[in-house]
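To start, the structure under review is shown below, and the notes come after it.
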Amino acid sequence: MGTCIINGSTCGVVACDGAQVAATLSCDRISRSIEVWLKTGRRHSEILEEQKTSEGRLRRPGSTIILWLKCDQEIHDVRLNSRVDSMLKDGLIDELLDFHDRHNKQRIKDGKPPDYTKGVFQTLGLKEFHEYLILPPEKKEQEEGKKLLEVSIDNMKMGTRRYARRQNKMVKGRFLEHPTREVPPIFTLDTTDLSKWDDEVKNKAIVIIESFINGSPCEYESLTSNATEDIKKLNRHSSNYCEICERLIIGDKEFAIHLNSNRHKKVLKLKNNLKVNKQKEKTE
Numbered sequence: 004m005g006t007c008i009i010n011g012s013t014c015g016v017v018a019c020d021g022a023q024v025a026a027t028l029s030c031d032r033i034s035r036s037i038e039v040w041l042k043t044g045r046r047h048s049e050i051l052e053e054q055k056t057s058e059g060r061l062r063r064p065g066s067t068i069i070l071w072l073k074c075d076q077e078i079h080d081v082r083l084n085s086r087v088d089s090m091l092k093d094g095l096i097d098e099l100l101d102f103h104d105r106h107n108k109q110r111i112k113d114g115k116p117p118d119y120t121k122g123v124f125q126t127l128g129l130k131e132f133h134e135y136l137i138l139p140p141e142k143k144e145q146e147e148g149k150k151l152l153e154v155s156i157d158n159m160k161m162g163t164r165r166y167a168r169r170q171n172k173m174v175k176g177r178f179l180e181h182p183t184r185e186v187p188p189i190f191t192l193d194t195t196d197l198s199k200w201d202d203e204v205k206n207k208a209i210v211i212i213e214s215f216i217n218g219s220p221c222e223y224e225s226l227t228s229n230a231t232e233d234i235k236k237l238n239r240h241s242s243n244y245c246e247i248c249e250r251l252i253i254g255d256k257e258f259a260i261h262l263n264s265n266r267h268k269k270v271l272k273l274k275n276n277l278k279v280n281k282q283k284e285k286t287e
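Quick note: the sequence shown uses the working numbering, first residue 4, plus one each step.
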């Protein structure tokens, strides 16, 4: 067991899981785990595991709604490509070259590889234009440079479209595909036909928000209304008791998640090992 000093006190690193320490090697994370241990007497990883398998209650039910702007995928792709074209007209390449001159040249001089997993380097544009940016100025004007620039632009457009798809998947995965999780009401607004913006987006949004503020029934149905009813039914009728962990789990899906959780598997393994050891003691 190692030690860590927080506010002048020496604490055992037993508060953190060994695997977590080895995997992260992060002083901040280790300190946070020790802080959780001191306040609760429980391992940080155990609490995080419980949060993963919890039903996801809202902190302030009834205080939030979500307006989800949706669009036909093909039309959305065209708009995203046009957005990149507008950025190029507004001087994107000059901005990237300026950033490269001020930051990447020193990195190259120091012999360090590019790291697009941290900070501003994660943003769309830098990694897509990397090969073009590192070309000498004279090569940028040659055929090789022009081809690399075209490829970089195509990569940025593709990355932008991919990112937009991930955002849609995130909304579905986080809010719509977990029937036992409480989520705010979600209303979709169709932005496909911009000539119908007032009717399909602005006026509809005003009605939704006014009904929400006034606490009155809304003429538009939210995507989550049916899911909320499913949660209520599930909570009333479905409960499972885990004999291994001695925990009551509400909901069949949550129980299945619990059975597949690391915490359950660890407790099961520990109890099986204890059972094997007791049998060995009896036979000896």
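From the three backbone atoms N, C-alpha and C, an ideal C-beta is built for every residue, glycine too.
query	result
Skipping 5 residues on each side, what residues in its chain have a beta carbon closer than 8 Å to that of Leu127?	Met159, Gly162, Thr163, Tyr166
Within 10 angstroms of the Cβ of Leu277, are there 16 or more other Cβ atoms? Answer buried if so, exposed if not.	exposed
Between the stretch 248-257 and the stretch 202-212, are three or more C-beta pairs nearer than 8 Å?	no
Contact between the stretch 185-192 and the stretch 67-78: three or more CB pairs below 8 Å?	yes
Of all the options Pro188, Asp201, Ser198, which has the alpha carbon lying nearest to the alpha carbon of Pro220?	Pro188
To the nearest angstrom, report how far apart Lys268 and Glu180 are at their CA atoms.	25 Å
How close, in whole Å, do the beta carbons of Leu138 and Leu100 come, if the pair is a contact with beta carbons under 8 Å?	Incorrect: roughly 10 Å between the Cβ atoms, too far for contact.
Taking DSSP's pairing of strands, which residues face Leu72 in a bridge?	Leu192
Suppose the cutoff is 6 Å on Cβ atoms and the five residues either side in sequence are ignored; what does the same chain contact list for Met173 look like?	none
With respect to the alpha helix (DSSP H) encompassing Thr67, which residues constitute its N-terminal and C-terminal limits?	Thr67 -> no alpha helix (DSSP H), and no H or E assigned at all.
For Gly148, collect the residues of the same chain with a Cβ closer than 8 Å to its Cβ; drop the 5 residues on either side in sequence, then sort them by chain order.	Tyr135, Leu138, Lys142
When we look at the beta-carbon of Glu131 and count the other beta-carbons within 10 Å, is it buried (16 or more) or exposed?	buried
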